[in-house]
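Reviewing the structure listed below.
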Amino acid sequence: MSADTSIMHTSEPAQSVVLEARNVVKTYGHVTALDGVDFELRAGEILAVVGDNGAGKSTLIKTLTGAVRPTSGEILLDGLPIHFKGPLDARHAGIETVYQDLAMAPALDIASNVFLGRELRAPGLMGSLFRRLDKKRMREEARQAMNELKFRLPAIDNAVESLSGGQRQGVAVARAALFARRLVIMDEPTAALGVRETGQVLELIRSIRDRGLPVVLISHNMPNVFDIADRIHIMRLGRRAAVVTPKTHSMNDVVAIMTGAATA
Ligand SMILES: Nc1ncnc2c1ncn2[C@@H]1O[C@H](COP(=O)(O)OP(=O)(O)OP(=O)(O)O)[C@@H](O)[C@H]1O
Ligand SMILES: [Mg+2]
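Going by numbering that gives the first Met the number 0, the sequence shown opens with residue 0, and the numbers climb by one from there.
What follows is the structure in C-alpha cells.
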C-alpha cells in the first residue's frame, strides 16, 4: 500500500488493493503526462478518476492496461508487479476496459458484438476444424449477461447499428462485465448520453460492483461521480492531488482540488 492511504478512513478495516500504481512517470518528449502518480483500486469499490483536460487521466489508465508503457514506476496487480506488453495482456489478466470509442461492429448483432474477438466455437469437429461459431450459446450467454445486469435491450439478434447510443454503451459495459475476472475500467462511458441512458449505464456499473468486481470510472460529470463513486481519485498536472469520498467532500471541494484552488 502506498503511504498516503492514511488520508482515508483510518477507522475502517484495510481493504485489499487490487490494482496499484506507484510513482509512475510517463513522458512524451518534453511533455510530462504523468509526473510520479500513485493509484490504488480497492476490492469491491467504484473508484472515480477526475481531473481537468490534460491532467493525465487517460494516460494513467493506459499505463494500467498496457496500452502505454510507463517511463518509470511500478504497476501491481493483487500485490505483484506486472509488465503488460499490450492491452491483450491486461485482458488475459482479467482486466476489461470500456473505451470511449467502444470498438463495435455495427452491422453485427448484439450477441456477436458481446463476443467480438472471443467467439465461441461449435462443439466437436465443426468448431475446431471448420471454425463454425456456436451462435446459439453466444446468444444465450449474452442474453443471460444482460438479464443479470438488468439491462433492457431489444432482441439480442438485432444489429448494433439499430441501437441508441445508450444501448450501445450498455452492450459495451455488459461485454466488459461478462469477461472481466478481476476489474473493469471505463473511460467516459456516459459521455454524450441522455439522462435516462446515463441512468441505465450507471445502474450497470453498480451491478458490476455488486457482483464483486471493482470498477474504475473516468468521468467529467460531477453529479454522476457523486452519485456512484465510493472514492474519488483527483488528478492534477500528472499527479494524484487527493483521494476523497462523496461523504467527506462536496463537488465544490473536488473542483477546487482539481484546479489547484485548494488542497485536500
Ligand atoms: N501520445 C501522446 N503524445 C504526446 N503527448 C501526449 C500523448 N498522450 C497524452 N499526451 C499529453 O499528456 C497530457 C495528459 O493527457 P491525457 O490524455 O492523459 O489527459 P486527460 O486527463 O485524459 O485529459 P482529457 O480530460 O482531455 O481526456 C496532455 O498534456 C497531453 O497532451
Ligand atoms: Mg482523457
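Think of the CB as a built atom: it goes at the ideal place given N, C-alpha and C, for glycine as much as any other residue.
Since we're looking at a predicted model, the values are computed, not measured.
Is any heavy atom in ligand 1 found nearer than 6 angstroms to the beta carbon of residue i?
| i | result |
| --- | --- |
| G50 | yes |
| Y27 | yes |
| V23 | no |
| G72 | no |
| V265 | Any property of residue 265 remains undetermined from this structure, which presents the chain solely from 0 to 263. |
| A32 | yes |
| G53 | yes |
Which residues mark the beginning and the end of the beta strand (DSSP E) in which residue i is found?
| i | result |
| --- | --- |
| F38 | V30 to R41 |
| S71 | S71 to L76 |
| R238 | R238 to V243 |
| V17 | V16 to Y27 |
| L46 | I45 to V49 |
| T96 | I94 to V97 |
| I217 | V214 to I217 |
| D186 | L182 to D186 |
| R235 | R230 to R235 |
Am I right that residue i and residue j are in contact with their C-beta atoms under 8 angstroms? What's the rounded C-beta distance?
| i | j | result |
| --- | --- | --- |
| L132 | E118 | 5 angstroms |
| M145 | S111 | Contact flag wrong, Cβ pair sits at about 14 angstroms. |
| I227 | L201 | 5 angstroms |
| V214 | V183 | 5 angstroms |
Inspect the beta-carbon positions of residue i and residue j and report whether they are closer than 7 angstroms.
| i | j | result |
| --- | --- | --- |
| E283 | A173 | Outside the displayed span of the chain (0 to 263) sits residue 283, for which this structure offers no information. |
| L40 | L18 | yes |
| M257 | D51 | yes |
| V23 | G72 | yes |
| R263 | A255 | According to the sequence as given, residue 263 is Ala; it is not Arg. No. Outside cutoff. |
| H232 | L107 | no |
| V272 | A92 | The structure shown does not extend to residue 272, since the chain is modelled only from 0 to 263, so the question has no answer here. |
Could you tell me whether the Cβ of residue i comes closer than 7 angstroms to any Cβ of chain B?
| i | result |
| --- | --- |
| T62 | Annotation note: the requested chain B is absent from the structure, which comprises a single protein chain. |
Check whether the Cβ of residue i sits closer than 6 angstroms to any heavy atom of ligand 2, and report yes or no.
| i | result |
| --- | --- |
| K56 | yes |
How would you write the range of the alpha helix (DSSP H) that residue i sits in, first residue to last?
| i | result |
| --- | --- |
| N251 | M250 to T258 |
| D226 | M221 to I227 |
| V194 | V194 to D209 |
| A141 | K134 to E147 |
| L119 | No alpha helix (DSSP H) contains L119, which DSSP labels as neither H nor E. |
Could you tell me if the beta carbon of residue i falls within a distance shorter than 6 angstroms of some heavy atom in ligand 4?
| i | result |
| --- | --- |
| V253 | Only ligand 1 and ligand 2 can be found as ligands here, which leaves ligand 4 out of the picture. |
>> Can you confirm whether the segment 235 to 246 touches the segment 197 to 214 when touching is taken to mean that 3 or more C-beta pairs between the two stretches lie within less than 8 angstroms?
In response: Counting Cβ pairs under 8 angstroms, fewer than three are found: no touch.
>> Using 8 angstroms as the cut-off, can you tell me whether the segment 144 to 154 makes contact with the segment 61 to 79, which would need three or more C-beta pairs spanning the two stretches below that distance?
In response: No contact exists between the segment 144 to 154 and the segment 61 to 79.
>> With a threshold of 8 angstroms, are at least 3 pairs of Cβ atoms found where one atom belongs to the segment 72 to 79 and the other to the segment 41 to 49?
In response: The answer is no - the segment 41 to 49 does not touch the segment 72 to 79, with fewer than three Cβ pairs under 8 angstroms.
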